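Number of protein chains: 2
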Amino acid sequence: MKRQSSSAPTGDPGVPISLPPDLGLTAHEGVFRQLRDRILFGGIRPGTAVTLRGLAEDLGVSPMPVREAVRRLIAAGALELQDNRRVVVPPMSRERFDEILFARRALEPELAARALAHLTAAHIDAIEDIDDAIDRAMKGGDTESYMRGNFQFHFAIYERAGADTLLALVESIWLQFGPFMRMAYGRIGTSVLEDHHEFAIAAMRARNVADLKAAIDADIGQGMGFIGDAVLSRKHPI
Amino acid sequence: MKRQSSSAPTGDPGVPISLPPDLGLTAHEGVFRQLRDRILFGGIRPGTAVTLRGLAEDLGVSPMPVREAVRRLIAAGALELQDNRRVVVPPMSRERFDEILFARRALEPELAARALAHLTAAHIDAIEDIDDAIDRAMKGGDTESYMRGNFQFHFAIYERAGADTLLALVESIWLQFGPFMRMAYGRIGTSVLEDHHEFAIAAMRARNVADLKAAIDADIGQGMGFIGDAVLSRKHPI
DNA sequence: GTGACGCCATTGTGATCACAAATTTCCCGC
DNA sequence: GCGGGAAATTTGTGATCACAATGGCGTCAC
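Protein chains in written order, with our numbering: chain R, 1 to 238; chain U, 239 to 476.
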């Protein structure tokens, strides 16, 4: 599926700014991934409006592919279309936070369990490398790298389950609490975190399903507890 | 949010066919609901291609709002965009079916449990009315009404939980197995069904959370078992 | 100084046009 | 009769234009 001829009918040189040049995917798919990453890793603050034309200019495309990407993200719950037709990252509430926590604990340990049989030693080594990078980012206070690493750690496991339908549900959930991870880490810092990734890696090496599910569950509880404390304690929950 | 002026620039009378005249929602929202219902209640056979222009003509709008509605449904997993750019209802596989079953059992009993506290006697009466309608449809062999009733029964309960995030996940899941319900009932008929709705109603009246969760879980197991037997036993799974 | 009213820019929505890829159709050659 | 390739149609994708609604901003009255 090649990209269109990028004719750039206007007189300007037509240089896309932050979108990778081509890569053989459609414009709207590229915009979607770019936008998804921004949301997932805290690039968009909750409450601030996102405009189609603004994003289109940012990414060097027409508003059209942006519309489709935004529509997808709205369907995933990552963005919200307000009554005034403003598009924003929806605010977090105690109720919504609780639902997200429940869904994560209901789905992610199962996904990890299903992945275990398909994980080779090489896979586990790669996952441990990701965890090492997370540790370095944590020590260095690099919030962005920490969040990217944490996402990679979890999904490197989940992807091996070969359960795309469940994976899509979990991705949708991550998109909904992603923006608030950034807010939490920004407020408190990453140095105080102690995740349960080591336990998960040990359980994977030991091929122990119960321990792996417990480690993932504990990691979710710890991480979400941290976010919940930081975000929901505010007077104006935003 | 009013609809646009519907100028109908072509010479034809411009009569929308199956879309309700206005109702104060955007065209793309109307198309979305129409299309969602078709998918949910078996109006679109898996594997058959859905074209943007074709649907637009059917619904009396331009291809534009159809694009957005289709994009939303693709994001929800209800439709699939193949490599050849064809849009279809994705086929069912044993693996995907198993994931859907797991997700339903993980989320729906919880949703029912959370709804219980908010259910008034009047709500339960209304739900029982829906179940009566289901029984009539079942006796009469009216597959369409049965499916609509079954959907209404479950979501009349789930909606009262006030858990929109979880509800959206469950809606996405229903969209994915809906088309195959029709296939199953079409092959075997609705008369042999015996759901667990009565037990669920009794548990709601008794305010018994555990029984309600058990009834919903049993209903899911029975219904999905029926669909699985009918759909996955085919030589060509489609 | 302060409030309200009106004007203008911005924004999402929908329609139409253009284009390339894919599919179908049709015709010719064997 | 039957396969194969070229032409024509169909289809998704992207861009541009038009429009109504919303928000922002300045101005004027008091």
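Cβ atoms here follow ideal geometry from the backbone N, Cα and C, with glycine treated the same way.
Here the structure is a predicted model, which means the values were calculated and not measured.
Extent of the continuous alpha helix (DSSP H) to which residue i belongs
| i | result |
| --- | --- |
| L40 (chain R) | A27 to L40 |
| E159 (chain R) | No alpha helix (DSSP H) holds E159 (chain R); DSSP gives it neither H nor E. |
| Q222 (chain R) | V209 to L232 |
| A113 (chain R) | R94 to L116 |
| L52 (chain R) | L52 to L59 |
| E194 (chain R) | Where E194 (chain R) is concerned, there is no enclosing alpha helix (DSSP H), given that its DSSP letter is neither H nor E. |
| D135 (chain R) | A121 to G140 |
| P303 (chain U) | P301 to A313 |
CB contact check: residue i to chain R, cutoff 8 Å
| i | result |
| --- | --- |
| L339 (chain U) | no |
| A314 (chain U) | yes |
| R276 (chain U) | no |
| T286 (chain U) | no |
| A452 (chain U) | no |
| G466 (chain U) | no |
| A265 (chain U) | no |
| P303 (chain U) | no |
| R310 (chain U) | yes |
| A406 (chain U) | yes |
| M239 (chain U) | Low confidence applies to M239 (chain U): its pLDDT is 40, below 50, so where it sits in the model is not reliable, and the reading given next is rough at best. For M239 (chain U), the answer is yes, since a Cβ of chain R falls inside 8 Å of its Cβ. |
| A355 (chain U) | no |
| A364 (chain U) | no |
| E348 (chain U) | yes |
| E318 (chain U) | no |
| A441 (chain U) | no |
| R401 (chain U) | Before going further, note that residue 401 (chain U) is Ala rather than Arg in the sequence given. It does; some Cβ of chain R falls within 8 Å. |
Assumed close pair residue i, residue j - CB separation to whole angstroms, cut-off 8 Å
| i | j | result |
| --- | --- | --- |
| A49 (chain R) | V88 (chain R) | 6 Å |
| I44 (chain R) | R38 (chain R) | 5 Å |
| F391 (chain U) | W412 (chain U) | Actually they do not touch by this definition, with Cβ atoms about 12 Å apart. |
| R72 (chain R) | I124 (chain R) | Their Cβ separation, rounded to whole angstroms, is 33 Å, which puts R72 (chain R) and I124 (chain R) out of contact at 8 Å. |
| S172 (chain R) | A76 (chain R) | 5 Å |
| A422 (chain U) | A375 (chain U) | A422 (chain U) to A375 (chain U), Cβ: 15 Å. No contact. |
Short Cβ contact (8 Å threshold) for residue i with residue j
| i | j | result |
| --- | --- | --- |
| V31 (chain R) | L111 (chain R) | no |
| A394 (chain U) | A355 (chain U) | no |
| F226 (chain R) | A215 (chain R) | no |
| D457 (chain U) | H435 (chain U) | yes |
| Q414 (chain U) | D433 (chain U) | no |
| A353 (chain U) | A399 (chain U) | yes |
| A243 (chain R) | L212 (chain R) | The structure shown does not extend to residue 243 (chain R), since chain R spans only 1 to 238, so no value can be given for it. |
| G47 (chain R) | P91 (chain R) | yes |
| R148 (chain R) | F41 (chain R) | yes |
| R182 (chain R) | T120 (chain R) | no |
| P301 (chain U) | A265 (chain U) | no |
| Y396 (chain U) | E346 (chain U) | yes |
| F335 (chain U) | G416 (chain U) | no |
Any chain U beta carbon closer than 8 Å to residue i
| i | result |
| --- | --- |
| G43 (chain R) | no |
| D222 (chain R) | Inspection of the sequence shows that residue 222 (chain R) is occupied by Gln rather than by Asp. No - not a single Cβ of chain U is within 8 Å of the one on Q222 (chain R). |
| T120 (chain R) | no |
| Q290 (chain R) | For chain R, the structure presents residues 1 to 238; residue 290 (chain R) sits outside this window and is missing. |
| A113 (chain R) | no |
| E171 (chain R) | no |
| R33 (chain R) | no |
| L232 (chain R) | no |
| P9 (chain R) | Legend: pLDDT at P9 (chain R) = 36, less than 50; position of this residue unreliable, no value from coordinates given. |
| T51 (chain R) | no |
| D219 (chain R) | no |
| L107 (chain R) | yes |
| G225 (chain R) | no |
| E68 (chain R) | yes |
| G54 (chain R) | no |
| E95 (chain R) | yes |
| G30 (chain R) | no |
| D12 (chain R) | Note that D12 (chain R) scores 33 on pLDDT, short of 50, meaning its location in the model is unreliable and no value can be drawn from it. |
Residue i: CB within 7 Å of a non-hydrogen atom of the ligand GDP
| i | result |
| --- | --- |
| R343 (chain U) | In the structure on display, the ligand GDP does not appear, and there are no ligands present to speak of. |
Say whether the segment 77–96 of chain R touches the segment 312–319 of chain U, bearing in mind that this needs 3 or more beta-carbon pairs closer than 8 Å, one atom from each stretch.
Contact between the segment 77–96 of chain R and the segment 312–319 of chain U is not established, with fewer than three Cβ pairs separated by less than 8 Å.
On the three-pair Cβ rule with 8 Å, is the segment 366–385 of chain U touching the segment 335–344 of chain U?
Taking 8 Å as the limit for Cβ pairs, the verdict is that the segment 335–344 of chain U does not touch the segment 366–385 of chain U.
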